[in-house]
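In this text, residue positions in the sequence shown follow the working numbering: the first is 209, and each later residue adds one.
All C-beta atoms in this analysis are idealised placements derived from N, C-alpha and C, irrespective of residue type, glycine included.
Here's the structure, in C-alpha cells; my notes come after.
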Amino acid sequence: MKKLVIGILAHVDAGKTTLSEGLLYQCGKIRKLGRVDHKDAYLDTFHLERERGITIFSKQAVLNMGDTEVTLLDTPGHVDFSAEMERTLQVLDYAILVINGADGVQGHTLTLWRLLARYEIPVFLFVNKMDQEGTDREALLADLKKRLNDACISFADADAEEEIAMCGGEELLEQYLEAGEIGEEETAQLIAERKVFPVYFGSALKMTGVEEFLHGVEKYTRTPSYPVDFGAKVYKIARDDQGNRLTYMKITGGNLKVKTILSNRKSSGAAAIHQGQEDEIWEEKADQIRIYSGARFELAQEAEAGTVCAVTGLTKTYPGQGLGMEAESDMPVLEPVLNYQIQLPPDCDVHQMLRKLKQLEEEEPQLHIVWDEHLGEIHAQLMGEVQIEILKSLIWERFHVAVEFGTGNIVYKETIAEPVEGVGHFEPLRHYAEVHLLLEPGEPGSGLQFFTACSEDVLDRNWQRLILTHLEEKEHLGVLTGSAITDMQITLLTGRAHLKHTEGGDFRQATYRAVRQGLKKAHSVLLEPYYEYRLEVPAEMVGRAMTDIQKMQGTFQGPETDGELSVLTGSAPVAAMRDYQTQVISYTKGRGRLFCNLKGYAPCKNQEEVVQSIGYDSERDLENPTGSVFCAHGAGFVVPWDQVEDYMHLESEVNPEKPVSAETEEKVYAGRAGRGSYGGSYEDEKELQAIFERTFGPVKRERNAFQKKVVHASPDYSNYVPRKKPQEEYLLVDGYNIIFAWEELNELAKADLHAAQSKLMDILSNYQGYKKCTLILVFDAYKVEGHAEEVIRYHNIHVVYTKEAETADQYIEKTVHRIGRQYQVTVATSDRLEQIIILGQGAHRISAQGLKEEVEQTMQELRQEWKARRQSSKTYLFDGASEEVSDYVERVRLGKK
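Following this line, the structure appears as C-alpha cells:
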C-alpha cells in the first residue's frame, strides 16, 4: 500500500483539531465526532490538552484514503509551542493549512507559510468557520492571494482550471486553450512543485465542505519514491506512561525491522555531530516498533519507507537527527527569546533536579536547560506564559516537584563586525595542538557555518575533521555578555599537531581557545530579537500607536485603512514590545489587536547599557578561557589572549608578514626559556592545575623538587641554510578582479570593457618582458553559453578565457593545484577567500594593489635604465640587440663562427 504523511497546521483556534476529527470520521477511522470543547477529541490524548482546549504535542492518526495509507500529524497551533510544530515539518509530504474564516490570515499564519516554503512542502488550504456571520468568501480569497501567494486558487470556482493553467507556464496554457481542460496529473504536479495552492471553504464543526476537501486531497496528492538504502529522520522524543523513551521517526529509505542495530555512523565512518554530545559512535537495538494512532498503538515487525513510527530501545537519538543515509536537519527557524530562572523548593536537590529536567530537554530541545555555575541557578529558554504553565504542570506530574519561574530575560546573541584571525594553542606537558581560525561575519539569520582552507600537507585530514567537529559540537559564547554567537563563518586556516604527543582532546582545547581569542580581538556586536508585528487600532488612535512604536525604536509602514481600523506593520525589539499587548487593549478599550511573530535578530540599539547591566567578565569565565597554554622546561603556562600571537608557533595566515621586533623576540625567547618570565593570575593557576589533574591525576609534589635541574645539549644548526634549486616562476592573474580593483582600468571598463582588457594585457606584457616569468592572464567566460576553454598567445603572455560554467577562480585553483608544488607560483587577486585557498595549495599571493605597485616600480626601473642608456655619449650598433644576437655577433667578430 502506498504511504503518505500529511500534517495539519493552523493559527490557534482556527479549528484545526476539529477538521482532523472530520477527516478521521469521513474516512471511517472513528464512529463518533469528538469536540475540543467537549474534551473528547480523538487526537487530544493529554489531559492538559483536554483541559485547556489546545494542542500541546504533535499526535498522529493512521487512516486509509482510497489505496493510500495516510499518517495524519496534528501539530500545535499556539505560538508558544511552535518549536514542536516546526520539528514535525521535517517528515511531511504534504500540509493542510487551516485558515480561520472569521479572522482571515493572522500573524502566526504568515509564520507557518514561511516555514512551509522553507521546507518546500506542498500545501492544501481549508478556510474554516464559514458558517459564522460576516464571513466573506471572495474577500477571504483575495486576502489569501495578497498575503500568502497569488497561486492560492479556489478549486470550487468555475474559472479554476484557467487560473491553474496560467500558473503552469506557457506550455500548459497553450494545452488548456487547445483542449479546454487540464489533466489531473498536470494539476497534481503543479501542487507538488508548490506552483499551485488549492483552496477549499467550509465548516469543520458542521462537516460542510469536508467531504469535498478530502476528495480533493485524495485526487491531487502523489506518493513520493524512496531509495532502497535505509534512512530515517528523527523528529520527536517522548516517553510513554511507563517511562519508556520513544524515538519518533519517519522511515525515508529501505525498511526498519525489530531488533535491527541502529547507529549514528555515517558512510564516511564518522559520527553525526550534535551540539552538546560527544562525537562518539554508538550502536543501539530497536526493541519495538510502534505505530501510534491517537492514544493507542500497534506493534509492527517491520516499518517500510514512508512509515511514521515510534521506536523503543534508543537512548542517544535527538530531534532532527538523520539515521542511515538521511542527513541531519538544519537549525530550526523558531526559537525561544526569553530566558527564565527555574526556582526550586528549598528542600529540593538541585543537581538531581537538573538531571531530571534534562529528560524534558530531550523532548523539547529548545528549552536549553543550563546550570549557571556562578549564580547557582537552573535556567531555561521558553516562548511565553502558556508554555510556562504547561511546563510547571509537566514537572509536577512527572517529578512531583512544585517549581516556579522567575521574570523572563531577553535571550541575546553576539556576532562580529569584521574578519579576524583567532589563535588557540594547547601545550601542557606531553600534549600539543595549535589552531588558527578565520572568523568572518555571515549573513543575518545564517547561524554558524564551518569550513576548512587548510592544506592536507600542513595538517592531516583527520585532524582537520576533528577540529570541525569540535567547532560544531559546542555552543560558543561571545565575550560581551556570554551569549551564544551566531551569523558567522569560521574557517580553519592552518594548524599543527605533534607526531607523538597530540591527542584528540588537545585539538578540542586549542579550537575552543582559538574561537575565544578571535572574539576578544574582534569588534563584537550584540544582537537582540525583533518581533514582526501587525497592529490594528481604531483610526483615531493611530497617532498614539505610532508614537509608542517610535519610543520602542521600532519601525512601521502605513498606516493602511481596513474599515474603521488603521493597520500598522513593521518590526520592533522584543524587549520593548513583549508587554505591549496589555497597553493596546487598555487604550483602545478592547478594540485593538496586536499580532507578533519572531522576525529574527538584529543589532541591539542600546548595546553598552545591556552589556553593563549583564556584567559578564570573559576573563573570569574559566569554562571558556580566552588565553592559550604553552610549555617551557616541562611546565605549562597560560598566556593571555592579547599575547598569544607573540608566542604562537605558526605564522599568521591573514596578516602580511612583518619583521619581528627585538622586543617581540625577547618575549618569545623568555616565554620559551622559563616560567619566571610570565606572572599568571590566580585563575590561570587554577586552570593549569585542572588541566594537569584531568590528564595525569592529582598533583603529588616532592619536597626537594626545586633542586632538580636538567640540561639538554644539542648541536647548533643556526648557521645552516639549505640551498634551494631555482624554480620556474609562474604568475596567474585574475583579469576582471584586477580591472575592477585598479581605478584607471575600472573607469575605462565602464565605457568599454574590451578596451580595459586590452590595456591590462599591454601592461602585463611589458611587466613580463622585465620579470621573465610565465604570466597567465585569466578572464571569466562562464556566462557565455557553449563557450569552450580558449587560450591565446598575446605577445609574450598567455590569455585564458574560461569555459562555460567555470569561473576564473576555479581555473586558477585548478592550475595552482596542478603546478603549485613543482614551481614557484604567485596568484594576483584581491579575493580574500581565493587567497586563503591558493595559499593552502602552496602558492604565493599578491593583492591587486600589490601587483599595481610592482608594475609601477618595474616601469620606473625600465625608464631609469633607458634614460641611463640615452645619457651615454656613444651609441653602438648592437646596443638595442638581445643578449643572444649580441653573443652571436661577438663570436663572428672573433672568428669563432
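Next on the checklist: Any beta carbon from chain D within less than 7 Å of I598's own beta carbon?
Outcome noted: Although the question refers to chain D, the structure presented lacks it and comprises just one protein chain.
Item to check | Local Cβ density within 10 Å of R1001, reported as buried at 16 or more and exposed below that | outcome: Here residue 1001 is taken as the residue at index 793 of the sequence shown, counted from 1. Exposed, since its Cβ has fewer than 16 Cβ neighbours within 10 Å.
Next on the checklist: So the candidates are Q509, A310, W321 and W579; which of them puts its Cα closest to the Cα of A347?
Outcome noted: Against the sequence shown, residue 347 aligns to sequence position 139. Proximity to A347 across Q509, A310, W321 and W579 peaks at A310, based on C-alpha coordinates.
Next on the checklist: Suppose you measure from the CA of D892 to the CA of E292; what does that come to, to the nearest Å?
Outcome noted: Within the sequence shown, numbered from 1, the residue matching residue 892 stands at position 684. Within the sequence shown, numbered from 1, the residue matching residue 292 stands at position 84. Its pLDDT being 45, under 50, D892 is placed unreliably in this model, and the value from its coordinates should be taken loosely. Rounded to whole angstroms, D892 to E292 spans 43 Å at the Cα level.
Checklist entry - When you compare each of L271, A218, N954 and D668 to A641 by their alpha carbons, which one comes out closest? => result As a position in the sequence shown, residue 641 is number 433, starting the count at 1. Cα-wise, what sits closest to A641 is D668.
Checklist entry - Which of the three DSSP states, helix, strand or coil, is assigned to M374? => result Counted from its first residue, the sequence shown places residue 374 at position 166. Assigned with DSSP and collapsed to three states, M374 falls in helix.
Checklist entry - So Q717 is in the alpha helix (DSSP H); what residue range does that whole segment cover? => result For this step, residue 717 is matched to residue 509 along the sequence shown. Counting along the chain, the alpha helix (DSSP H) containing Q717 begins and ends at G712 to K729.
Next on the checklist: Could you give the first and the last residue of the continuous beta strand (DSSP E) run that contains E683?
Outcome noted: Mapped onto the sequence shown, residue 683 falls at position 475. No beta strand (DSSP E) holds E683; DSSP gives it neither H nor E.
Next on the checklist: Please report the distance separating the alpha-carbon of D365 from that of C375.
Outcome noted: Position 157 of the sequence shown, counting from 1, holds the residue named residue 365. Position 167 of the sequence shown, counting from 1, holds the residue named residue 375. So the two alpha carbons sit approximately 16 Å from each other.
Checklist entry - Taking C-beta to C-beta, are R742 and T777 nearer than 7 Å? => result Along the sequence shown, read from residue 1 onward, the residue named residue 742 stands at position 534. Along the sequence shown, read from residue 1 onward, the residue named residue 777 stands at position 569. Cβ atoms of R742 and T777: closer than 7 Å.
Item to check | Y938 - containing beta strand (DSSP E), residue span | outcome: Along the sequence shown, one-based indexing puts residue 938 at 730. Per DSSP, Y938 belongs to the beta strand (DSSP E) from E937 to D942.
Next on the checklist: Between which residues of its own chain and G261 is the CB-CB distance below 6 Å, once the five residues before and five after are set aside?
Outcome noted: On the sequence shown, residue 261 is found 53 positions in, with the first residue counted as 1. Around G261, the same chain offers V244 as residues with beta carbons nearer than 6 Å, after the five sequence neighbours per side are excluded.
Checklist entry - For Q529 versus E585, is the C-beta distance shorter than 7 Å? => result Start at 1 with the first residue of the sequence shown, and residue 529 comes out as number 321. Start at 1 with the first residue of the sequence shown, and residue 585 comes out as number 377. The answer is no: Cβ separation not under 7 Å.
Next on the checklist: When you compare the segment 294-304 with the segment 328-348, are there three or more beta-carbon pairs, one atom per stretch, that lie closer than 8 Å?
Outcome noted: Under the 8 Å Cβ criterion, the segment 294-304 counts as touching the segment 328-348, having at least three qualifying pairs.
Item to check | Contact the segment 838-856 vs the segment 630-647: 3+ CB pairs below 8 Å | outcome: Short answer: they touch.
Next on the checklist: So for A440, helix, strand or coil by DSSP?
Outcome noted: If you number the sequence shown from 1, residue 440 lands on position 232. Strand, per DSSP.
Checklist entry - Which stretch, first to last residue, makes up the alpha helix (DSSP H) that contains L320? => result Here residue 320 corresponds to residue number 112 of the sequence shown, with the count starting at 1. Looking at the DSSP string, the run of the alpha helix (DSSP H) that includes L320 is G315 to R326.
Checklist entry - Going by Cα to Cα distance, which pick from N357, V436 and K414 is closest to I399? => result Residue mapping note: residue 399 aligns to position 191 of the sequence shown, counting from 1. Relative to the Cα of I399, the nearest Cα in the group N357, V436 and K414 belongs to N357.
Checklist entry - For the beta strand (DSSP E) that Y739 lies in, which residues bound it at each end? => result If you number the sequence shown from 1, residue 739 lands on position 531. Run containing Y739: S732 to P746, per the beta strand (DSSP E) assignment.
Item to check | Where Y978 falls, given that 16 or more other Cβ within 10 Å makes a residue buried | outcome: If you number the sequence shown from 1, residue 978 lands on position 770. So Y978 ends up on the exposed side.
Next on the checklist: Tell me the rounded alpha-carbon separation between K467 and D495.
Outcome noted: Along the sequence shown, one-based indexing puts residue 467 at 259. Along the sequence shown, one-based indexing puts residue 495 at 287. One alpha carbon belongs to K467, the other to D495, and they sit about 5 Å apart.
Checklist entry - What did DSSP end up calling R838 once you bin it into helix, strand or coil? => result Position 630 of the sequence shown holds residue 838. Looking at the sequence itself, residue 838 is Phe, so the reference to Arg does not match. Strand.
Next on the checklist: In the DSSP assignment, the alpha helix (DSSP H) including D756 goes from what residue to what residue?
Outcome noted: Locating residue 756 in the sequence shown gives position 548, where the first residue counts as 1. Element bounds for D756: V750 to K759.
Next on the checklist: I'd like the ranges of any alpha helix (DSSP H) spanning at least 4 consecutive residues and lying wholly in the segment 217-293.
Outcome noted: Listed in chain order, the complete alpha helix (DSSP H) runs (minimum 4 residues) inside the segment 217-293 are 224-234 and 255-260.
Checklist entry - Going along the chain, which residues of its own chain have a beta-carbon closer than 7 Å to the beta-carbon of L674, five neighbours each way excluded? => result Here residue 674 is taken as the residue at index 466 of the sequence shown, counted from 1. Cβ neighbours of L674 within its own chain (closer than 7 Å, five residues either side excluded): G712 and F715.
Next on the checklist: Please classify T525 as buried or exposed, where buried requires at least 16 other C-beta atoms within 10 Å of its C-beta.
Outcome noted: Taking the first residue of the sequence shown as position 1, residue 525 is located at position 317. Counting Cβ neighbours within 10 Å, T525 comes out buried, since at least 16 surround it.
Checklist entry - Ordered along the chain, which non-local residues of its own chain (more than five positions away) have a Cβ less than 6 Å from that of Y298? => result Translated into positions along the sequence shown, residue 298 becomes position 90. The sequence given here has Gln at residue 298, not Tyr. So the qualifying residues of the chain are K441, Y443 and S537.
Item to check | Three-state secondary structure assigned by DSSP to Q765 | outcome: In the sequence shown, counting from the first residue as 1, residue 765 sits at position 557. Taken through DSSP and simplified to helix, strand or coil, Q765 comes out as strand.
Checklist entry - Ordered along the chain, which non-local residues of its own chain (more than five positions away) have a Cβ less than 6 Å from that of R909? => result Reading the sequence shown from its first residue, position 701 is the one you call residue 909. With a pLDDT of only 37 at R909, under the threshold of 50, the placement of this residue in the model should not be trusted; the figure read from the coordinates follows. Closer than 6 Å at Cβ, skipping near neighbours: no residue.
Checklist entry - Of the residues N463, L422, N452 and S411, which one's Cα is nearest the Cα of Y434? => result Along the sequence shown, one-based indexing puts residue 434 at 226. Of the candidates N463, L422, N452 and S411, the one whose C-alpha sits nearest the C-alpha of Y434 is N463.
Next on the checklist: Y824 and L734 - do their beta-carbons sit closer together than 7 Å?
Outcome noted: Locating residue 734 in the sequence shown gives position 526, counting from the first residue. Locating residue 824 in the sequence shown gives position 616, counting from the first residue. No, these two residues do not count as a Cβ contact at 7 Å.
Next on the checklist: Are the CB atoms of A368 and L381 within a distance shorter than 7 Å?
Outcome noted: Working through the sequence shown from its first residue, we reach residue 381 at position 173. Working through the sequence shown from its first residue, we reach residue 368 at position 160. In this structure, the beta-carbon distance from L381 to A368 does not fall below 7 Å.
Item to check | Sequence-distant residues of its chain with Cβ nearer than 6 Å to R911 (five each side left out) | outcome: Position 703 of the sequence shown, counted from the first residue, corresponds to residue 911. Caution applies to R911, whose pLDDT of 32 falls short of 50 and renders its modelled position unreliable; the value that the coordinates give is listed next. The answer is none, since no qualifying residue turns up.
Next on the checklist: For N547, count the other beta carbons within 10 Å of its own beta carbon; 16 or more makes it buried, fewer makes it exposed. Which is it?
Outcome noted: In the sequence shown, counting from the first residue as 1, residue 547 sits at position 339. N547 is buried by the Cβ-count criterion.
Checklist entry - How big is the Cα-Cα spacing for G521 and T429? => result Position 313 of the sequence shown holds residue 521. Position 221 of the sequence shown holds residue 429. Computed Cα separation, rounded: 34 Å.
Checklist entry - Can you give the Cα-Cα distance for V876 and K980, rounded to whole angstroms? => result Your numbering for residue 876 matches position 668 in the sequence shown. Your numbering for residue 980 matches position 772 in the sequence shown. At V876, the pLDDT of 31 sits below 50, so the modelled position is not reliable; the number obtained from the coordinates is stated separately. Taking the straight line joining both Cα atoms gives about 40 Å.
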